[in-house]
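Residue numbers (this note's numbering): 2 to 247. For every residue, glycine included, the Cβ atom is placed at its ideal position computed from N, Cα and C. Bear in mind the structure is a predicted one, so any value in this text is a computation, not a measurement. Below is one structure, written out as structure tokens; comments come after it.
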């Protein structure tokens with residue numbers, strides 16, 4: 002069995018949208034979180050979906066689930082005080098709702114990745130089954146420097162060994178629930194599931210992600226996403242214009 006856990010419990014302060022959390026901003030009439038969820042809802046290998054959402058927008062989310070006909074949603078629940086807590090809430094909900102086996106797979110994805118692909122999700126599932134973990138990455142195209150204080154730097158990293166993590170991240174339920182149990186014991190508050198496992202001394206399997214799988218975090222990301230959708234919508238028309246010189 003494969004479960005998808007989509008977490009969107011934050012309000013997106015870096016987006017600078019004061020009235021609407023970034024996951025509910027619309028692209029051509031459809032909220033970003035809906036576009037993200039559709040990739041899992043339509044994927045033939047995904048069996049069920051739990052969405053963790055900022056509590057004050059839960060009713061809006063449930064209306065959108067009905068409005069856009071999202072399938073496989075077994076639960077939509079409130080998020081926690083951090084991304085880690087939201088993920089933990091979602092994992093507990095999956096345990097309670099679908100009673101997965103230890104070797105069943107959970108895909109953990111933030112709700113603001115509307116450019117996912119079916120192939121990426123498939124690879125994540127297959128690699129998680131094979132290795133116990135699967136994290137999509139892309140090679141860093143920029144040089145990376147390290148600084149303790151944000152002002153001074155005396156350390157750099159070899160770029161060819163640096164990678165940018167993406168989502169979804171896939172894990173067996175046994176591995177990720179163990180990691181969350183250890184995080185509670187050790188009072189850890191990791192940024193991502195992959196970082197949590199590494200902090201606990203575990204090796205995680207990485208695989209090639211896709212550049213277009215952007216996380217919509219800033220106003221610039223939103224404009225890029227809108228430009229991509231605009232191009233996809235009108236590219237056939239543009240080809241006809243160029244073909245006939247209209």
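Return the bridge partner residues of residue i from the DSSP annotation.
i: residue 31; result: 28
i: residue 134; result: 172
i: residue 124; result: None; residue 124 has no bridge partner.
i: residue 4; result: 49 and 107
i: residue 9; result: 54
i: residue 147; result: 156
Put residue i into one of helix, strand or coil per three-state DSSP.
i: residue 190; result: coil
i: residue 96; result: helix
i: residue 156; result: strand
i: residue 180; result: helix
i: residue 71; result: coil
i: residue 222; result: helix
i: residue 229; result: helix
i: residue 114; result: coil
i: residue 195; result: helix
i: residue 202; result: coil
i: residue 212; result: coil
i: residue 83; result: coil
i: residue 40; result: helix
i: residue 21; result: coil
i: residue 90; result: helix
Which two residues bound the contiguous alpha helix (DSSP H) that contains residue i?
i: residue 167; result: Counting along the chain, residue 167 falls outside any alpha helix (DSSP H), and DSSP gives it neither H nor E.
i: residue 74; result: Here residue 74 belongs to no alpha helix (DSSP H); instead the beta strand (DSSP E) covers 74 to 79.
i: residue 61; result: 59 to 68
Let's see if you can read the secondary structure: which residues bound the beta strand (DSSP E) around residue i?
i: residue 143; result: Looking at the DSSP string, residue 143 is not in any beta strand (DSSP E), and its letter there is neither H nor E.
i: residue 207; result: 207 to 209
Under 8 Å, Cβ to Cβ, is there at least one residue of chain C near residue i?
i: residue 113; result: Protein chain content of the structure displayed is limited to a single chain, and chain C is not contained in it.
For residue i and residue j, which I take to be in contact (beta-carbon distance under 8 Å), what is that distance rounded to the nearest angstrom?
i: residue 137; j: residue 208; result: 6 Å
i: residue 103; j: residue 174; result: 6 Å
i: residue 112; j: residue 192; result: About 16 Å; that fails the 8 Å criterion.
i: residue 129; j: residue 158; result: Actually they do not touch by this definition, with Cβ atoms about 27 Å apart.
i: residue 1; j: residue 132; result: Residue 1 lies beyond the residue range present for the chain, which begins at 2 and ends at 247; the question has no answer from this structure.
i: residue 107; j: residue 49; result: Residue 107 to residue 49, Cβ: 10 Å. No contact.
i: residue 65; j: residue 32; result: 6 Å
i: residue 79; j: residue 54; result: 7 Å
i: residue 52; j: residue 77; result: 5 Å
i: residue 9; j: residue 24; result: 4 Å
i: residue 167; j: residue 214; result: 5 Å
i: residue 165; j: residue 141; result: 6 Å
i: residue 117; j: residue 37; result: 7 Å
i: residue 74; j: residue 227; result: Actually they are not in contact, since the Cβ atoms of residue 74 and residue 227 sit about 26 Å apart, beyond 8 Å.
With respect to 7 Å, is the separation between the Cβ of residue i and the closest non-hydrogen atom of the ligand SAM below this value?
i: residue 91; result: Absent from the structure shown: the ligand SAM. Ligands present: none.
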